[in-house]
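Participant: Quick one: the structure is below, questions incoming.
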Ligand SMILES: O=C(O)CCC(=O)C(=O)O
Ligand SMILES: [Fe+2]
């Protein structure tokens, strides 16, 4: 555990989050995902196994053993709920599979820093490849507190609250491609991206 005691966040090491971000190499065909947008907000349309397959994260039944398994998104959600001792359920608000190419960067910000982002309570950034070997630049920094700098390593996950107590930035990528799976979580069920996706799909299936 890289930093303990504080509830501002921490890095989960690869062994803490098995199966997340493993086997991913730079150069794989990953590109940023798109947001479902405000139009997707609607009541939950129900859903079955096909929903989990589409959203590629929810619990699904393994064909072989008939036991419940979790995808990376659910695993990360569980870790965040545990770490922050949440007495409430979290919902995945947005999933970003993000390719940071040379020249990309982001300055100091919190992840709820827009009126339309206020529903964001927690962030999990899973590093899919590594600083140094796969890309140069791209260090993550917190403005205050410890640690100040995170060197992305494949399989590590940084989790922190999305509010202004965790202002952070990412240095410009100097070379290569930096890959992350970034999830934002909300306590507000109306921002559950899976429910929104199901609702959108069910609308388009009726045409
Ligand atoms: O990729 C990272 O290390 C952090 C990204 C970030 O701060 C963001 O997408 O809001
Ligand atoms: Fe951020």
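In full-length UniProt numbering, the protein residues as written are 1 to 207. Glycine included, each C-beta is placed from N, C-alpha and C at the ideal position. Here the structure is a predicted model, which means the values were calculated and not measured.
1. Thinking C-alpha only, which one of 103, 150, 102 and 128 is nearest residue 182?
2. Is residue 180 near ligand 1 - that is, is its Cβ less than 7 Å away from at least one heavy atom of it?
3. Does the region 109-117 touch the region 151-165, meaning 3 or more C-beta pairs lie closer than 8 Å?
4. By the three-class DSSP mapping on this structure, what secondary structure does residue 151 have?
5. Please determine if the region 188-195 and the region 142-155 are in contact, where contact requires at least 3 C-beta pairs separated by less than 8 Å.
6. Exposed or buried, residue 174, counting other C-beta atoms within 10 Å across all chains shown (16 or more means buried)?
7. Can you tell me which of the three DSSP states residue 101 falls into?
8. What span of residues does the beta strand (DSSP E) with residue 83 cover, start to end?
Facilitator: Short version:
1. Residue 182 sits at position 182 when you count from the first residue of the chain shown. It is 128.
2. Taking the chain shown and counting its residues from 1, the one referred to as residue 180 is at position 180. Proximity of the beta carbon of residue 180 to ligand 1 is indicated: a heavy atom of the ligand is located closer than 7 Å.
3. When Cβ pairs closer than 8 Å are counted between the two stretches, the region 151-165 is seen to touch the region 109-117, the count reaching three or more.
4. The residue you call residue 151 lines up with position 151 of the chain shown. Coil.
5. The region 188-195, when compared against the region 142-155, does not touch it at the 8 Å Cβ threshold.
6. Indexing the chain shown from 1 puts residue 174 at position 174. Under this definition residue 174 is an exposed residue.
7. Taking the chain shown and counting its residues from 1, one reaches residue 101 at position 101. Correct three-state label for residue 101: coil.
8. In the chain shown, counting from the first residue as 1, residue 83 sits at position 83. Following the DSSP letters along the chain, one finds residue 83 in no beta strand (DSSP E) but inside the alpha helix (DSSP H) bounded by residues 72-83.
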